[in-house]
């Protein structure tokens, strides 16, 4: 379906029309599905991909918490950064209030 629509669209241009008028089999052969092949094998077999899709679609969690390591990147790291910053702010306030680290 797509290729016939594409050929009809391309036939509107004069250069393509002159190609198809001289040899009508040039255009369909150039766009045949037999010439389009994947150059590499896919990284993962389709069956494993379908299994992973079913697994992720069946989990009723937020999208950013569905993977196996997503709790580390979405929860643990921000909590650690917040705790560190609160500790440093608290230590700075303590040092300011007690005059620690003051240059004389």
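Residue numbers (mature numbering (1 follows the signal peptide of the UniProt record, and there is no 0)): -18 to -1, 1 to 86. By construction, the Cβ of each residue, glycine as well, lies at the ideal position given by its N, Cα and C atoms. As the structure is a prediction and not an experimental result, all values here were calculated from the model.
Other residues of its chain near residue i: CB distance less than 8 Å, five sequence neighbours each side excluded
| i | result |
| --- | --- |
| residue 76 | 82 |
Residue i in three-state terms, based on DSSP
| i | result |
| --- | --- |
| residue 71 | helix |
| residue 86 | coil |
| residue 36 | helix |
| residue 28 | helix |
| residue 60 | helix |
Alpha carbon of residue i to alpha carbon of residue j, nearest angstrom
| i | j | result |
| --- | --- | --- |
| residue 45 | residue 54 | 14 Å |
| residue 60 | residue 66 | 10 Å |
| residue 71 | residue 63 | 12 Å |
| residue 56 | residue 50 | 11 Å |
| residue -17 | residue 22 | 24 Å |
| residue 86 | residue 43 | 56 Å |
| residue 24 | residue -13 | 27 Å |
CB contact flag (residue i, residue j, <8 Å)
| i | j | result |
| --- | --- | --- |
| residue 30 | residue 38 | no |
Sequence-distant residues of its chain with Cβ nearer than 7 Å to residue i (five each side left out)
| i | result |
| --- | --- |
| residue 41 | 48 |
Cutoff 6 Å; reference residue i; Cβ partners in own chain excluding five residues on either side
| i | result |
| --- | --- |
| residue 32 | none |
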